[in-house]
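Colleague: Residue numbers (my numbering), protein chains in the order written: chain A, 1 to 110; chain B, 111 to 223.
Every residue gets a Cβ at the ideal spot worked out from N, C-alpha and C, and that includes glycine.
Pasting in a structure now, in C-alpha cells, and then I'll have a few things to ask.
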C-alpha cells in the first residue's frame, strides 16, 4: 500500500526555524519531493532527495533516511510569506506515479 | 520563465455532461501528469503520459477519464460523464525527465452541479 504521514498543522514565529516531518510507506521509491502550496494556488517545487542525507537550498533544507522511511523539511529564518501548506510526495515506478501526503499547514506568526 | 498553462480556469457543468480540460506543457518537457485536489484534501495522482501513451494511472482514473495530446502541444483530460464527486481542482504538471521536479499549471476548478 501507499501511505504518507505528515503533521496536519504547525505554527512558528517569524525568524525562527521549523522542521516538518514526513514518514512514508510505499511499494516503490524513486525519490522524495517537497512542494509548497499557498491557499488556492498550485504546488511549487522546493526540493528533491533520492539518496540519504541532507540537501540544502538557501533557507530550505531537506533530509532523507530511506531505511527509516523518513524525511524532513527544515525552514530557516521564517518569513510571513512562508505561511502555506507543505506537501511531501514520493515518486514511484521511475517517476511514473507520485503519491502525495496530506500536507502540513504552516502558520508563521509575527 | 516558461510555465505550464491550463484552460479554462473555472468550469461549471451539469452532472452527466462531458468536460475537456486543457493544458499546454512547457515546450521541452516530455512527461505529463494530471492530478486532482478536492477542496481541503490532498493532491491525488490521476495519470502520467509519455511518448503519446499512458505510463501509469491510478484507481481514480477509471473508464470515464481519458487523456490525449491531439496536436503535439495541448495535453487534455476528458471526463465523459461527470459526477458530483468529480468537483475538484485539476492540475496538470510537466517535467523534462521522469522523476524530476514537476512544474504545475495554475489548475482548473471543476464544479459539477
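(1) Measure the CB-CB distance between residue 208 of chain B and residue 114 of chain B and report whether it falls below 8 Å.
(2) In chain A, which residues lie less than 9 Å from residue 178 of chain B when you measure between Cβ atoms?
(3) Could you pull the start and end residues of the beta strand (DSSP E) that residue 190 of chain B belongs to?
(4) I'd like to confirm something about residue 26 of chain A: is its beta-carbon nearer than 7 Å to some heavy atom of the ligand SAH, or not?
(5) In chain order, what residues of the same chain lie with their CB nearer than 7 Å to the CB of residue 196 of chain B, ignoring the 5 residues before and after it?
(6) Leaving aside the five residues before and after residue 124 of chain B along the sequence, list all residues of the same chain whose C-beta is less than 7 Å from its C-beta, in chain order.
(7) Are any of the Cβ atoms in chain B nearer than 8 Å to that of residue 69 of chain A?
(8) Can you give the Cα-Cα distance for residue 169 of chain B and residue 154 of chain B, rounded to whole angstroms?
(9) Take residue 81 of chain A as the anchor and find which of A:106, A:46, A:49, A:4 has the nearest alpha-carbon.
(10) Name, in chain order, the residues that DSSP records as bridge partners for residue 45 of chain A.
(11) Could you tell me the alpha carbon to alpha carbon distance between residue 4 of chain A and residue 23 of chain A, rounded to whole angstroms?
(12) Nearest chain B C-beta to residue 161 of chain A closer than 8 Å, yes or no?
(13) What residues in the region 149-168 of chain B bring their beta carbon closer than 9 Å to a beta carbon of chain A?
(14) Under 7 Å between beta-carbons, which chain B residues line up against residue 73 of chain A? List them in chain order, please.
(15) Based on the DSSP output, what are the partners of residue 86 of chain A in its beta bridges?
(16) Cβ closer than 9 Å: which chain A residues qualify as neighbours of residue 111 of chain B?
Modeller: In terms of the structure at hand:
(1) In this structure, residue 114 of chain B does not lie closer than 8 Å to residue 208 of chain B by Cβ.
(2) Listed along chain A, no residue sits closer than 9 Å to residue 178 of chain B by beta-carbon distance, the nearest being about 17 Å off.
(3) Note, residue 190 of chain B: premise wrong, no beta strand (DSSP E); not H, not E.
(4) The ligand SAH is not part of the structure shown, which contains no ligands of any sort.
(5) Excluding residues within five positions, the ones whose Cβ falls inside 7 Å are 189, 220, 222.
(6) The answer, listed in chain order, is 223.
(7) Output row for residue 69 of chain A: interface = no.
(8) Near 10 Å, if we compare the C-alpha coordinates of residue 154 of chain B and residue 169 of chain B.
(9) Cα-wise, what sits closest to residue 81 of chain A is A:106.
(10) Beta-bridge pairing links residue 45 of chain A to A:35.
(11) A straight line joining the alpha-carbon of residue 4 of chain A with that of residue 23 of chain A spans about 6 Å.
(12) Lying before the first or after the last residue shown, residue 161 of chain A is absent from chain A, which here runs from 1 to 110.
(13) Answer set for the region 149-168 of chain B: 151, 152, 153, 154, 155, 158, 160, 165, 166, 167, 168.
(14) Within chain B, no residue comes near residue 73 of chain A; the closest Cβ sits about 15 Å away, beyond 7 Å.
(15) In the DSSP assignment, residue 86 of chain A forms a beta bridge with A:36, A:104.
(16) By Cβ distance, chain A contributes nothing, its closest Cβ being about 12 Å from residue 111 of chain B, past 9 Å.
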